[in-house]
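Novice: In this note's numbering, the protein residues as written are 1298 to 2060.
The beta carbon of each residue, even a glycine, is placed where N, CA and C say it ideally should be.
Just so it is clear, the structure is predicted and the values come from calculations on it, not from any experiment.
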Ligand code: ZN
Ligand code: ZN
Ligand code: FE
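1) Could you name the residues whose beta carbon sits closer than 5 Å to any heavy atom belonging to ligand 1, keeping them in chain order?
2) What is the rounded straight-line gap between the Cα of residue 1781 and the Cα of residue 1803?
3) Pull every residue with its beta-carbon under 7 Å away from any heavy atom of ligand 2, and keep them in chain order.
4) Residue 1978 and residue 1936 look like a contact to me (Cβ under 8 Å); what is the Cβ gap, rounded to whole Å?
5) Sorted by chain position, which residues of the same chain lie with C-beta nearer than 8 Å to residue 1472's C-beta, five sequence neighbours on each side aside?
6) Check each candidate in 1746, 1726, 1707 and 1429 and name the one with the smallest Cα separation from residue 1713.
7) Taking the C-alpha atoms as reference points, what is the distance between residue 1525 and residue 1626?
8) Output the distance between the C-alpha atoms of residue 1841 and residue 1812, rounded to the nearest integer angstrom.
9) Give a yes or no on whether the C-beta atoms belonging to residue 2006 and residue 2015 are separated by under 7 Å.
10) By DSSP, does residue 1364 sit in helix, in strand, or in coil?
11) Any idea which residues DSSP pairs residue 1523 with across the strands?
12) How would you label residue 2060, buried or exposed, when you count the other beta carbons within 10 angstroms and need 16 or more for buried?
13) Would you say residue 1489 lies against chain B (beta-carbon separation less than 7 Å)?
14) Can you check whether the CB of residue 1504 is closer than 7 Å to the CB of residue 1641?
15) Are residue 1854 and residue 1903 close, meaning C-beta to C-beta below 7 Å?
16) Should residue 1771 be labelled buried (16 or more other beta-carbon atoms within 10 Å of its own) or exposed?
17) Can you give me the C-alpha to C-alpha distance between residue 1801 and residue 1830, rounded to a whole angstrom?
18) If you reduce the DSSP assignment to three classes, tell me which class residue 1349 lands in.
19) Measuring alpha carbon to alpha carbon, tell me which of 1817, 1355, 1797 and 1507 ends up nearest residue 1691.
20) Please classify residue 1424 as buried or exposed, where buried requires at least 16 neighbouring CB atoms within 10 angstroms.
21) Could you please go through the chain and list the residues whose beta-carbon is closer than 5 Å to any non-hydrogen atom of ligand 3?
22) Kindly list the residues whose CB is nearer than 8 Å to the CB of residue 1400, restricted to its own chain and excluding five residues on each side of it in sequence; keep chain order.
23) Tell whether a beta-carbon distance below 7 Å holds between residue 1402 and residue 1606.
24) Let me know if residue 1531 comes out buried or exposed under the rule of 16 or more other beta-carbons within 10 Å of its beta-carbon.
25) Once the 5 residues before and after residue 1495 are set aside, which same chain residues still bring their CB inside 6 Å of it?
26) Using 8 Å as the threshold, is the region 1979 to 1990 in touch with the region 1935 to 1950, meaning 3 or more CB pairs across them?
27) Would the region 2037 to 2044 and the region 1672 to 1682 be scored as touching if the rule is three or more Cβ pairs under 8 Å?
28) Three-state secondary structure (DSSP) at residue 1564?
29) Near residue 1321, which residues of its chain fall below 8 Å by C-beta distance, leaving aside the five closest residues on each side in sequence?
30) Have a look at 1766, 1952, 1570 and 1622 and flag the residue whose alpha-carbon is nearest the alpha-carbon of residue 1579.
31) Quick one: complete alpha helix (DSSP H) runs, 4+ long, within the region 1444 to 1494?
32) Can at least three beta-carbon pairs, one atom from the region 1473 to 1492 and one from the region 1338 to 1352, be found at a separation below 8 Å?
33) Using beta-carbon positions only, say whether residue 2072 and residue 1536 come within less than 7 Å of one another.
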C-alpha cells in the first residue's frame, strides 16, 4: 500500500482530464482525489503499489487526446484513512487554473455516432463529448461549467444527464453534452427571412441547395461562413462578385482527407495538422487544376483547405453529397466575422441566398486559423484563432505586474500577461473599420472579464498614427494603468524570444516585414537588431527608398517599383520604366518622379516586404495589390528553383556604424534579366537567393562585431517558405543558433506578445 501526490501542469479545462483520472482510479481500486489548482492538477492516489505504478504511468503516457502535459511529478506522501476517490470541486477563483480552452474539432467517435442510423445521436449536428466540441466560443465566465456557457439555456434530458454523471461514459462531466431531445437545433431561412426547414431537414436542404449552386451562409462554431460549391465556377464567381473581394484567396472545406489528396499534395505532417483537434486551414500545394481554382485562389500554387470540424459540416457534406465547398468568413469585406443570427441575416443578405442557422448563441466570434508546414516539418502559423486561441503560453520569466498589450493595427491580436502566463487572444483583423474597432474593444473587455484581469500596465506600438495606440492612450481601457510605448520591430523579436523561452540575453533579431514605425520616424522593416527584452540597437538594414504616396504605395505597388528604379538609375529610370512598367502611363510616372524629387508625401522606407513588392511588380506579376503580401506571394509562387544559378550582386556599406545593404545593383541586374527575356521563375529564384545571401553575410559580420550567435527571426516576410527555410538552414550551417516562431504567427499578430514582454522589463 502507498500514497503518492502527482502534480500535472499544462492541462486546460474541458479536455476530460479529471474524469479520465477518476475512471482510472476506479479501475485500479485507488482512493484519494483529483483537483484543479491555479498551478496545475493535483492528484493524491492511494492503493496497492502495482496499481499506483500502473495508474501513474497511464496518466503520464496515455492522457486523454486533448490533454497536453507540460510537467509531471510524483512524490510519496503518508497514507490516509480513505475509501473513495473523488473529483474535488473547483471552488472560488483561486482554485482553478485560469485558462480558457480553445474549441476542438469533432472527434472520430462523435462523428461515427452522427452517421450511425442506430445511434440515438444519428444526424444530430451538435453532438460532442469530453474529447471534442466548442469551448472558447461558448464560455461566458470561468470556471468552465455548463452554467457559465451559452449551453446553459438547454437543460439536459434524463439520458444526457445519465451520461454526464456516468464515470464510464465519454460524456462524463462533458459540459456541453446534449442531444436531439434537449440541445440546440438547426433551421434554414430563405432570403426573405422565412424558416423553410428545421432540424436535420434544414441541413439536408442546405446541402442540396449548395449542390445546385446557391450561396448559403452557414453558422458553425466561431461564426458564419459563406459557402458555395467549389466545383461550380458560376457559384464561385458569384460569391466573389457579391463579396466584392477581387483576388484574396478563398478557403476550401473538403469532404475528407482523401478528397484533399485528389487535388493537393498533402504531406504526412500537413495531414496531421488537418486532422488535429485544432482543425486549421492548411495551405497545401495543388496538384490538379480545375477552372474554379483560378477564381478561388488566383495566381497561387497553394490552396487553403480544412476538414469538416463540427457535426454541422460533417452532415452538410453527407446531405449534399458534396466534395468540396468554398468556406470563406461570413463578413462584409474586411469587417469582423458575423456570429449572431440577426446581424448575419442583416449584413449578409446581399451575399447569401439562404441561411443555415442554429439557436446556440456564440458568445465570442472566432475565425478559422491558417497555417503552413515548412519542408523541415515545422509549423508556420499565419493566423492563430479557432482551435488554438486563447490557450495560454508559459513565459520564461515572472511578470511583475499584470500587463495588457494592444498589438498593432494590422492582423491585430491583443495579449495579457500575468505572473508566468501569456494569453494571446484570437485574430481580430485590421483595425481600420469602425466595426472592427468596436469588436476589438468588446473582446478586450470580455477577456479581461473572463480571466479576471485588471492590468496595471498598457503597452502599445510607438507608431503615433496607429488606431490601436490611440485607443491604448485614451481612457478606453484600464484607466489607471501606466502606458508604455514599444517599438514595432523590438516587439517582433521579443515575441519570438518569449515563445522560445529565452530568459533574458542579447540576441541578433531579424525583423523583416513591410512597415513598422522606427525610432527615426521612417518606416522600418529590414531590421538587424542587437536586443534583449529591455533595449535594442539597430545594427543593419536595407538602403532606404522613398514611398511616393505613402500608404497609397502599399496598394499601388508600381509606385514602389518606380522608386526603386529611380534609386538605382536616377535620370535613366524614366526610359527604363517605359520598357518595364509598360502598363503605367508616362504621365503618372512623371508625377511620381516629381513627388520623389520634391519630397512630397514620400516617407523613407526600408521594409523587406516593400522590396519584394518592387521586384514582383518589375517582373510584371502585379501592378496593384488587393491584399497585404499578395505581390510577394505571387513572386514566391512563380519561383522555379535552379541549383545552378546563384544570386545577384549587392554591396554592404558601413554608414556611421550601421550596415546598409545597398540594393541598387540587385535592381539593375534584375532589369537586365527582364530586358534579356529571362523567365520570371528564374528571376524570382535568383532574387530569393540574393536575400538569403545578404542576410547570412550580415549576420556573420554582426557575430564578429558583437560576439552574439543566437539569431531570432520574426516579421511577416517569414511567411515566405523559401526565406524561412533557407535563412534558418544556412544560419545553422554557419554555426548560429536560430529561433523561429512556432505557435505565434511571424506577422503582426505576434506584436502584442512582444509588447507585453518589453513592457515587463521597462517597469
Ligand atoms: Zn467527441
Ligand atoms: Zn439530451
Ligand atoms: Fe510587422
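Specialist: Looking at the coordinates:
1) Those residues, listed in chain order, are 1404, 1407, 1426, 1428 and 1429.
2) Within the chain shown, residue 1781 is the residue found at index 484, counting from 1. Within the chain shown, residue 1803 is the residue found at index 506, counting from 1. Taking the straight line from one Cα to the other gives about 21 Å.
3) 1453, 1454, 1456, 1457, 1475, 1476, 1478, 1479 and 1480
4) Taking the chain shown and counting its residues from 1, the one referred to as residue 1978 is at position 681. Taking the chain shown and counting its residues from 1, the one referred to as residue 1936 is at position 639. Residue 1978 to residue 1936, Cβ: 6 Å. Contact.
5) Working through the chain shown from its first residue, we reach residue 1472 at position 175. Excluding positions up to five away in sequence, the list reads 1311, 1441, 1442, 1443, 1446 and 1448.
6) Here residue 1713 corresponds to residue number 416 of the chain shown, with the count starting at 1. When C-alpha distances from residue 1713 are compared across 1746, 1726, 1707 and 1429, the shortest belongs to 1746.
7) Here residue 1525 corresponds to residue number 228 of the chain shown, with the count starting at 1. Here residue 1626 corresponds to residue number 329 of the chain shown, with the count starting at 1. Whole-angstrom Cα-Cα distance: 12 Å.
8) Looking up residue 1841 in the chain shown gives position 544. Looking up residue 1812 in the chain shown gives position 515. Straight-line Cα distance between these residues: approximately 12 Å.
9) Stepping through the chain shown from its first residue, residue 2006 is reached at position 709. Stepping through the chain shown from its first residue, residue 2015 is reached at position 718. Result no, Cβ atoms of residue 2006 and residue 2015 do not sit closer than 7 Å.
10) For this step, residue 1364 is matched to residue 67 along the chain shown. Correct three-state label for residue 1364: coil.
11) Taking the first residue of the chain shown as 1, we reach residue 1523 at position 226. DSSP output for residue 1523 lists 1514 and 1625 as bridge partner(s).
12) What you label residue 2060 is simply residue 763 of the chain shown in a count that begins at 1. Per the 10 Å Cβ criterion, exposed.
13) The chain inventory of the structure shown lacks chain B, comprising one protein chain alone.
14) Taking the first residue of the chain shown as 1, we reach residue 1641 at position 344. Taking the first residue of the chain shown as 1, we reach residue 1504 at position 207. Cβ atoms of residue 1641 and residue 1504: not closer than 7 Å.
15) Taking the chain shown and counting its residues from 1, one reaches residue 1854 at position 557. Taking the chain shown and counting its residues from 1, one reaches residue 1903 at position 606. Not a contact, by the Cβ cut-off of 7 Å.
16) For the purposes of this step, residue 1771 is taken as the residue at position 474 of the chain shown. That one is exposed.
17) Residue 1801 sits at position 504 when you count from the first residue of the chain shown. Residue 1830 sits at position 533 when you count from the first residue of the chain shown. Straight-line Cα distance between these residues: approximately 6 Å.
18) Within the chain shown, numbered from 1, the residue matching residue 1349 stands at position 52. Of the three classes helix, strand and coil, the one that applies to residue 1349 here is helix, per DSSP.
19) As a first step, residue 1691 must be located in the chain shown, where it is residue number 394. When each option's Cα is compared against that of residue 1691, the closest is 1797.
20) Start at 1 with the first residue of the chain shown, and residue 1424 comes out as number 127. Counting Cβ neighbours within 10 Å, residue 1424 comes out buried, since at least 16 surround it.
21) 1810, 1813 and 2045
22) Residue mapping note: residue 1400 aligns to position 103 of the chain shown, counting from 1. Within the same chain, residue 1400 has close Cβ partners 1430, 1431, 1432, 1433, 1434, 1518, 1519, 1663, 1683 and 1684.
23) Taking the chain shown and counting its residues from 1, one reaches residue 1402 at position 105. Taking the chain shown and counting its residues from 1, one reaches residue 1606 at position 309. Yes, these two residues count as a Cβ contact at 7 Å.
24) Translated into the one-based positions of the chain shown, residue 1531 becomes position 234. Under this definition residue 1531 is an exposed residue.
25) Within the chain shown, residue 1495 is the residue found at index 198, counting from 1. The residues are 1484.
26) yes
27) yes
28) What you label residue 1564 is simply residue 267 of the chain shown in a count that begins at 1. Of the three classes helix, strand and coil, the one that applies to residue 1564 here is coil, per DSSP.
29) Locating residue 1321 in the chain shown gives position 24, counting from the first residue. Excluding residues within five positions, the ones whose Cβ falls inside 8 Å are 1327, 1352, 1355 and 1356.
30) Residue mapping note: residue 1579 aligns to position 282 of the chain shown, counting from 1. Nearest option by C-alpha distance: 1570.
31) 1455 to 1462
32) no
33) As shown, the chain starts at 1298 and ends at 2060. That puts residue 2072 outside it, with no answer to give.
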